[in-house]
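Trainee: In order, the protein sequences belong to chains A and B.
The opening residue of the first sequence carries number -5 in the numbering used here; numbering runs sequentially from there.
The opening residue of the second sequence carries number 2 in the numbering used here; numbering runs sequentially from there.
This is the structure, below, for whatever I ask next.
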Amino acid sequence: MTETVLESRPDINANLSADAIRQQDMPTEEMLVNMGPQHPATHGVLRIVLRTDGEMVLEAVPHIGYLHRCAEKIGESLAPFQFIPYTDRMDYLAGMNNNLAYALTIEKLTGLEVSKRAQYIRVLFAELNRIASHLVMFGTYGLDMGAFTPFLYAFREREWILDMFESTCGARLTYSYITIGGVTDDLPDGFLDRCAEFCDYFEPKIDEYNDLLSFNHIFVKRTANVGIVSAEDAIRWGLTGPCLRASGVRWDLRKVQPDTSYEEFEFDIPIGEGLKGTVGDSWDRYFVRMQEMKQSVRIIRQAIAKLRDTLGDVLNKKGKLVKLPEDDVYYEIENPRGQLGFYVQGNGSQVPARVKARGPSFCNLSITNHVCRNCLLADIPAIVGSIDVVLGEVDR
Amino acid sequence: MSSIFVPWTARPSEVLSGFRTKATRWLLGLGAVLMALGVVLFIAFRLYSSEVITDWRVAVAYLGVLGPIATGGAFFLGGLAIIFFRQIVVILQTRWVAFLIFCGAVVGTCLLVWGYSWLSYYMRTAFVKFEGIVPADDIYDTIQSHCPVAFVAYLLWPLQFVVVRDLIAMGGLVGFAATVAAFGIWWERKVAGRIQSRLGPMRVGGWHGWAQSPADGIKLVLKEDFVPAHGDAVLFRLAPYLAFVPTIAAFMALPFAGAAWVFRDLDVALIFILAVLGLDVLGVLCAGLASNNKYSTYGGLREACQMVSYEIPMSMSLLVPIMMAGTLKLSAIADQQGAGFSSWFVFANPCCFIAFFMYYSAALASCKRAPFDLPEAESELVAGFLTEYSGLRWGLFFLGEYAAMFVVSGLAVILFLGGWKSPFPASWAPTGTGFFDHLIRGLFFDGPILFVLKSMFLFYVQLWIRWTLPRVRIDQVLYACVQVLLPTAMVVLLANTFWVLGVQQLQVPWMVSLDTVLHTILVVIGYVFVITIIGIVAYGFVNRTRLVGRLAVKHLPGA
């Protein structure tokens, strides 16, 4: 990795001669602090180089690439159904959504049909995974702010979701369940009852967590008015997902460009309203995710009702051996972190010529330097945590 | 053996068991020989007899009899422990045995300390009539009626010196501080676990992981000892002691149950404790700056700002009960709160009530406890000033921190919550001289148990706060100190001055009646608070499965 050139901001001692520096009352220097790849607070192997003047951060440059695994290059040698497990590992906290994005891209490219039941199952699991992913954000954000307990509560709730995933597809984190043509297997017996039970158990918990953390005075003081991103800035820098919605832009691909039967579901899009500070601060980015969990529960309840009524096949068998036409398509869906897009260029064979993944965290992370100007050192975890990056998606 | 040094954990097991056999043989043999030597000398010099008590026999008693018997006994027991190691472990891991041993140890320690303090008092008063060093036969003559065995005179002989009594008492205090710290660490992990809907340590030692602290202590001692390459080695090595020793020194002036249960009953005990706790800052600063690490520097700087700033509102809010009591002597302050729950200073007037909460918050910041634990903030600074510390050095920092938590809670208890005095009025205390009267008086009215329990309750509250609240940013910490706590402390202090002047000195009538009304209201608030806490605990206990949630019960281990 080459050294990124820090933007030219004059050194605080730049205009002073050596004598003048020595004659200052308390001569200070800028410090280069490395929040290195191994750090309790960076969410993954992210390295942020901070130029600080004491506690005040002048510049924060993220260095990435520590988790690059050449997934896109590997996509050029695997058939789509073989590449699905690689998509799991990109944003490993939202495996179902990644699978869904790639599956939808290939289905758009080849015009494959997916049954209704499979579409409802896809929605159900995508929303369950959204809850699981937002729970991790909730837990780790609390941990970054020093509240140790919400992390354990979040993971306790996640156990429910991961147990349900395990009963369905055998895996707890990297599912490869949503595949080309539908889902690999139908739901096990009693799954829908357990899912309904989970919804009844979990919905009041969101209010409990709001009491515990979201409206906690200390938490609000740490995150409100910190890292404010205006709506124009958000659009200009390419933010998507909850980060964009927290800046007040009502834009959600599930409403704008619905697919897999999202148009049949009723749900709201929470946006940031500056309830505790300014629109687009870190608290908004955090609270939008809490409200999205509530909406996800709503969607899941509707999906359960629809699934009880819809029967049928869940996998289009043609998906496994599909040949990709000589065409290309770029398709995006709404990941828990933003708009995850896949660009697939086919060349007539089963193996694509090019696969590219647009990771939302990569674009969301780019705003770090812009937003971290003139904030305190303790605000860096607040800002980076509220952007909610997963390095697997940033580096692929 | 090759010339390369191999750590003992890496040597093959047959070599180790060879060591073990050799060690066992040496320990048992040497132990038996020493014990035999002690007994032989005891008989040879006729130390059991009362006719020949002279001073030089004291030396024989200690060097020739007690020393060898004690050392030999220790060696012998060590050898036996190595032989019967497995059986001991099995016994300790039986369900309630460890807990019973712990309770027995607590009771035994209490009896020991009680007996020692009685003995100390006796030594001070009974030998007043002698001048200079009391010879052993004089001691025997004095105690002959109480205890006919001659050998006891030899045991009491060194106790006549203040130095010896002080050393034993200091050993006890340091032991208590270390025990409080070890217990506190274990308890914090259990409380943290329960708050986070998990169990905490469960394995080490069998019953709820009680042996986790000693096990961690042993592990820390065995870690590699290194100093950062380009750091300041002297300051780096010095820093843990600068952080740990002042806290122990604070124990010296802290009374546990009145003038007889304090190491030194200082007239300026409070100022001494505050001054000595302020030395903690030096240890943290040295640690931060000597580590040659930017994170440590940040931690040390934040620490310096925070701890020093919060000393001011802490001391100011402590002046409020001082004014009510009229003395700085901690044992005397608590004695004034002996009339039961309503006489505790926290309810005496609204200024004291506010001062209690201000003191508690400032003390949390002074101890670097959450929500003010920026110096140790994991998320931002890896471990703050502790980043480069490992092993026993790190352990000493934490021992100092937990001991300081206890000292600070103890101060709050003495000054605001009645110290060792019972919430029941003193008139309820049994006045007889029988054994049970003594016992109940000692346990519930005069003894140190209530003090320790109340301090541990405040310690418990500190744990709750740590595991619930997020961390406050450094500028917000200093804002809270300088712009909120400090003015409030000044206003409260001023208001209390007028209060004491009006109510206690001049007894202005309307102020006296206002004082009575407010005092009653505060006492009622206090009763409501206690009843609420008991109610919440009872409700939580009775409904424990329902509260966690039916689904969660199925998933929590051991729930």
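We put the beta carbon where it would ideally sit given N, CA and C, even for glycine.
To which residues of the same chain is residue 1 of chain A closer than 7 Å at the C-beta, ignoring the five residues directly before and after it?
Mentor: Looking up residue 1 of chain A in the first sequence gives position 7. Confidence at residue 1 of chain A is low in this model, with a pLDDT of 47, below 50, so its placement is unreliable and no value can be given for it.
Trainee: By a C-beta neighbour count over all protein chains shown, 10 Å radius and 16 as the cutoff for buried, is residue 253 of chain B buried or exposed?
Mentor: Mapped onto the second sequence, residue 253 of chain B falls at position 252. When all chains shown are included, residue 253 of chain B counts as buried.
Trainee: Report the rounded CA-to-CA distance for residue 544 of chain B versus residue 458 of chain B, giving the unit in angstroms.
Mentor: The count along the second sequence starts at 1 and reaches residue 544 of chain B at position 543. The count along the second sequence starts at 1 and reaches residue 458 of chain B at position 457. Each residue's alpha carbon lies about 23 Å from the other.
Trainee: Using a Cβ cut-off of 7 Å, which residues of the region 473 to 499 of chain B contact any Cβ in chain A, in chain order?
Mentor: Across the region 473 to 499 of chain B, CB contacts with chain A closer than 7 Å involve 473, 474, 475, 476 and 477, in sequence order along the chain.
Trainee: Count the other C-beta atoms from every protein chain shown that fall within 10 angstroms of the C-beta of residue 93 of chain A, then say buried if there are 16 or more, exposed otherwise.
Mentor: Locating residue 93 of chain A in the first sequence gives position 99, where the first residue counts as 1. By the 10 Å Cβ count, residue 93 of chain A comes out buried.
Trainee: What are the start and end residues of the beta strand (DSSP E) that includes residue 26 of chain A?
Mentor: Within the first sequence, numbered from 1, the residue matching residue 26 of chain A stands at position 32. 25 to 29 is the extent of the beta strand (DSSP E) around residue 26 of chain A.
Trainee: Could you check the C-alpha separation between residue 538 of chain B and residue 524 of chain B for me, to the nearest Å?
Mentor: The residue given as residue 538 of chain B occupies position 537 in the second sequence. The residue given as residue 524 of chain B occupies position 523 in the second sequence. Using only the alpha carbons, I get a separation of about 21 Å.
Trainee: Under 8 Å between beta-carbons, which chain A residues line up against residue 372 of chain B? List them in chain order, please.
Mentor: Here the question's residue 372 of chain B lines up with position 371 in the second sequence. Going along chain A in sequence order, the residues near residue 372 of chain B (Cβ under 8 Å) are 140 and 212.
Trainee: Which residue comes first and which comes last in the alpha helix (DSSP H) that contains residue 541 of chain B?
Mentor: Taking the second sequence and counting its residues from 1, the one referred to as residue 541 of chain B is at position 540. 510 to 543 is the span of the alpha helix (DSSP H), which, as asked, contains residue 541 of chain B.
Trainee: Cβ closer than 9 Å: which chain B residues qualify as neighbours of residue 136 of chain A?
Mentor: To locate residue 136 of chain A, count along the first sequence from 1; it is residue 142. Near residue 136 of chain A (Cβ distances below 9 Å), the residues of chain B are 471.
Trainee: Given residue 329 of chain A, which residues of its chain have a CB within under 6 Å of its CB, disregarding the five upstream and five downstream residues?
Mentor: Taking the first residue of the first sequence as position 1, residue 329 of chain A is located at position 335. Closer than 6 Å at Cβ, skipping near neighbours: 88, 91 and 354.
Trainee: Do you know whose CA, among A/39, A/254 and A/216, lies nearest residue 386 of chain A's CA?
Mentor: As a first step, residue 386 of chain A must be located in the first sequence, where it is residue number 392. Comparing Cα positions, the closest option is A/39.
Trainee: Report the residue from B/40, B/206, B/167 and B/67 whose alpha carbon sits nearest the alpha carbon of residue 95 of chain B.
Mentor: For the purposes of this step, residue 95 of chain B is taken as the residue at position 94 of the second sequence. Comparing Cα positions, the closest option is B/206.
Trainee: Listed in chain order, which residues of the region 167 to 191 of chain A have Cβ atoms closer than 8 Å to some Cβ of chain B?
Mentor: If the cut-off is 8 Å between Cβ atoms, the region 167 to 191 of chain A has 191 near chain B.
Trainee: Taking its Cβ as the centre, do 16 or more other Cβ atoms sit within 10 Å of residue 337 of chain B, making it buried, or is it exposed?
Mentor: The residue given as residue 337 of chain B occupies position 336 in the second sequence. Residue 337 of chain B is buried by the Cβ-count criterion.
Trainee: Is it the case that the Cβ atoms of residue 349 of chain B and residue 325 of chain B are separated by a distance below 8 Å?
Mentor: Locating residue 349 of chain B in the second sequence gives position 348, where the first residue counts as 1. Locating residue 325 of chain B in the second sequence gives position 324, where the first residue counts as 1. For residue 349 of chain B and residue 325 of chain B, yes; Cβs fall inside 8 Å.
Trainee: Identify, in the order they occur along the chain, each residue of the same chain with its Cβ nearer than 7 Å to the Cβ of residue 501 of chain B, setting aside the five sequence neighbours on each side.
Mentor: Within the second sequence, numbered from 1, the residue matching residue 501 of chain B stands at position 500. 324 and 325, listed in sequence order.
Trainee: Three-state secondary structure (DSSP) at residue 49 of chain B?
Mentor: For the purposes of this step, residue 49 of chain B is taken as residue 48 along the second sequence, with counting starting at 1. Note: residue 49 of chain B maps to coil in three-state DSSP.
Trainee: Let me know the secondary structure DSSP gives residue 333 of chain A once reduced to three states.
Mentor: One-based indexing of the first sequence puts residue 333 of chain A at position 339. If DSSP states are grouped into helix, strand and coil, residue 333 of chain A belongs with the strands.
Trainee: Exposed or buried, what is residue 230 of chain A when buried is set at 16 or more other beta-carbons lying within 10 Å of its beta-carbon?
Mentor: For the purposes of this step, residue 230 of chain A is taken as residue 236 along the first sequence, with counting starting at 1. Counting Cβ neighbours within 10 Å, residue 230 of chain A comes out exposed, since fewer than 16 surround it.
Trainee: Please say whether residue 321 of chain B and residue 366 of chain B have beta carbons closer to each other than 8 Å?
Mentor: Numbered from 1 along the second sequence, position 365 holds the residue referred to as residue 366 of chain B. Numbered from 1 along the second sequence, position 320 holds the residue referred to as residue 321 of chain B. Taking 8 Å as the Cβ cut-off, residue 366 of chain B and residue 321 of chain B do not qualify as a contacting pair.
Trainee: Under 9 Å, CB to CB, which of the residues in the region 373 to 390 of chain A have a partner in chain B?
Mentor: 373, 374, 375, 376 and 379
Trainee: Which first and last residues belong to the beta strand (DSSP E) in which residue 57 of chain A is found?
Mentor: In the first sequence, residue 57 of chain A corresponds to position 63, counting from 1. Taken as a continuous stretch (DSSP letters only), the beta strand (DSSP E) holding residue 57 of chain A covers 50 to 57.
Trainee: For residue 196 of chain B, return the contacting residues in chain A, with the cut-off set at a CB-CB distance below 7 Å.
Mentor: For the purposes of this step, residue 196 of chain B is identified with residue 195 of the second sequence, where counting begins at 1. The answer, in chain order, is 143.
Trainee: Which residues mark the beginning and the end of the beta strand (DSSP E) in which residue 350 of chain A is found?
Mentor: Here residue 350 of chain A is taken as the residue at index 356 of the first sequence, counted from 1. First-last of the beta strand (DSSP E) with residue 350 of chain A: 348 to 352.
Trainee: Look up residue 176 of chain A in the DSSP assignment and say whether it is helix, strand or coil.
Mentor: The residue you call residue 176 of chain A lines up with position 182 of the first sequence. Three-state DSSP puts residue 176 of chain A in a strand.
Trainee: DSSP three-state call for residue 233 of chain B: helix, strand or coil?
Mentor: For the purposes of this step, residue 233 of chain B is identified with residue 232 of the second sequence, where counting begins at 1. Residue 233 of chain B falls in the coil class under three-state DSSP.
Trainee: Determine which residues share a DSSP beta bridge with residue 326 of chain A and list them.
Mentor: On the first sequence, residue 326 of chain A is found 332 positions in, with the first residue counted as 1. A/335.
Trainee: Indicate whether at least one CB of chain A lies closer than 8 Å to the CB of residue 468 of chain B.
Mentor: Translated into positions along the second sequence, residue 468 of chain B becomes position 467. Look at residue 468 of chain B: its C-beta is under 8 Å from a C-beta on chain A.
Trainee: Taking C-alpha atoms, which residue in B/450, B/395, B/508 and B/526 lies nearest to residue 107 of chain B?
Mentor: By 1-based counting over the second sequence, the position of residue 107 of chain B is 106. Of B/450, B/395, B/508 and B/526, the residue nearest in Cα terms is B/450.
Trainee: For residue 269 of chain B, which of helix, strand or coil comes out of DSSP?
Mentor: By 1-based counting over the second sequence, the position of residue 269 of chain B is 268. Three-state result, residue 269 of chain B: coil.
Trainee: Hey, is residue 60 of chain A's beta-carbon within less than 8 Å of any beta-carbon in chain B?
Mentor: Working through the first sequence from its first residue, we reach residue 60 of chain A at position 66. No, because no Cβ of chain B sits closer than 8 Å to the Cβ of residue 60 of chain A.
Trainee: The beta strand (DSSP E) spanning residue 450 of chain B covers which residue range?
Mentor: Residue 450 of chain B sits at position 449 when you count from the first residue of the second sequence. Premise fails: residue 450 of chain B lies in the alpha helix (DSSP H), 450 to 467, not in any beta strand (DSSP E).
Trainee: Give me the chain B residues within the contact set of residue 25 of chain A, using Cβ-Cβ distance strictly less than 7 Å, ordered along the chain.
Mentor: The residue labelled residue 25 of chain A in the question sits at position 31 within the first sequence. Simply 295.
Trainee: Going by C-alpha to C-alpha distance, which of A/237, A/250 and A/262 sits closest to residue 275 of chain A?
Mentor: In the first sequence, counting from the first residue as 1, residue 275 of chain A sits at position 281. Ranking the options by Cα distance to residue 275 of chain A, first place goes to A/237.
Trainee: Go ahead and pull the three-state DSSP assignment for residue 238 of chain B.
Mentor: As a working mapping, residue 238 of chain B is identified with position 237 in the second sequence. DSSP, reduced to helix, strand and coil, places residue 238 of chain B within a helical segment of the structure shown.
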